[in-house]
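First the structure, in the form of structure tokens, and then the observations on it.
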Ligand SMILES: [Zn+2]
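Residue numbers (the numbering used here): 634 to 848.
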């Protein structure tokens, strides 16, 4: 009976795949997995480890190098919320989290400003936390200032742009925190977040991102 039901499910899945074939969100090829095998092949993980990228961050890791395909992936996540893709990216974050062997008290998705949240409908950093231990995820780091898009600015302007942008609403005395974000480039955002978390008492702040530009 169980077997018959299993087969029926399999057949209905095959039928659904035939009626609504899944397309790879990157190359648009028909594929049952997301991203497709070809795109996955060209996405070899780099596990870039940053050695104390700023005075407030105690460690930072990026799973993939931020270039061509990973830029496309991050853009798709941010602007089109491809759910298949966000599930896959969240699974990558979970794997990297497990491999890092961290013992953190809290996980903090890098926040977006409420007006951006209202416009986009979601925070991409929060989507990346989907597979992480739910009881550790907190939202007490808040983005107060609606800042200009960082990618248009020089490294100095980026830092200046973010001054006073974040605030933390929780006492983090003695706590170890892991920040989650989609991308690290200059590290300006992570630096500012880590600074605020340290000012709230955190003793260790790390960052895990989906992609990163090597420094
Ligand atoms: Zn593809």
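Beta carbons are placed, not taken as given, at the ideal position from N, Cα and C, and that holds for glycine.
What you are looking at is a predicted structure, and each value in this text was computed from that prediction instead of being measured.
> Since residue 781 and residue 798 are thought to touch, with beta carbons under 8 angstroms apart, how far apart are those beta carbons, to the nearest angstrom?
Replying inline: The C-beta distance from residue 781 to residue 798 rounds to 11 angstroms, too long to meet the 8 angstroms contact threshold.
> Exposed or buried, residue 842, counting other C-beta atoms within 10 Å across all chains shown (16 or more means buried)?
Replying inline: Buried is the call here.
>> Can you tell me whether residue 635 is helix, strand or coil according to DSSP?
In response: Caution is warranted here: a pLDDT of 45 is assigned to residue 635, below 50, making its placement in the model unreliable, and no coordinate value can be reported.
>> Extract the residue ranges of the alpha helix (DSSP H) inside the stretch 687 to 722, only unbroken runs of 4 or more that lie entirely within it.
In response: When DSSP assignments are scanned along the stretch 687 to 722, the uninterrupted stretches of alpha helix (DSSP H) that are 4 or more residues long and fall wholly within it turn out to be 701 to 713.
>> On the CB-based measure, 16 or more other CB atoms within 10 Å of its CB, does residue 794 come out buried or exposed?
In response: Classification of residue 794: buried, given that the 10 Å Cβ count is 16 or more.
> Taking the C-alpha atoms as reference points, what is the distance between residue 809 and residue 662?
Replying inline: In this model, residue 809 and residue 662 are separated by some 42 angstroms (Cα to Cα).
> Relative to the alpha-carbon of residue 839, which residue among 827, 800, 716, 729 has its alpha-carbon at the smallest distance?
Replying inline: When C-alpha distances from residue 839 are compared across 827, 800, 716, 729, the shortest belongs to 827.
> Which whole runs of the alpha helix (DSSP H) in the stretch 762 to 831 are 4 residues long or more, in chain order?
Replying inline: As far as the stretch 762 to 831 is concerned, its whole alpha helix (DSSP H) runs of at least 4 residues are 788 to 795.
> So which of 833, 737, 763, 819 has the shortest CA-CA distance to residue 788?
Replying inline: If we check each option's Cα against that of residue 788, 819 comes out closest.
> How should residue 845 be labelled, buried or exposed, when 16 other C-beta atoms within 10 angstroms of its C-beta is the threshold for buried?
Replying inline: It is buried - the Cβ of residue 845 has at least 16 other Cβ atoms within 10 Å.
> From 785, 786, 658, 672, pick the residue whose C-alpha is nearest to that of residue 708; which is it?
Replying inline: Of 785, 786, 658, 672, the residue nearest in Cα terms is 658.
> Less than 8 angstroms separating the beta-carbons of residue 823 and residue 812?
Replying inline: Contact: yes.
>> Do residue 770 and residue 762 have their beta-carbon atoms positioned less than 8 angstroms apart in this structure?
In response: The answer is yes: Cβ separation under 8 angstroms.
>> Assuming the contact rule is C-beta atoms closer than 8 angstroms, residue 682 and residue 698 should be a hit. Round their C-beta distance to whole Å, please.
In response: With a Cβ gap of about 12 angstroms, residue 682 and residue 698 do not count as contacting.
> residue 682 by DSSP, collapsed to three states: which one?
Replying inline: Residue state, collapsed to three classes: strand.
>> At a cut-off of 7 angstroms, would you count residue 668 as near ligand 1, judging by its Cβ distance to the nearest heavy atom?
In response: At least one heavy atom of ligand 1 is nearer than 7 angstroms to the Cβ of residue 668, so yes.
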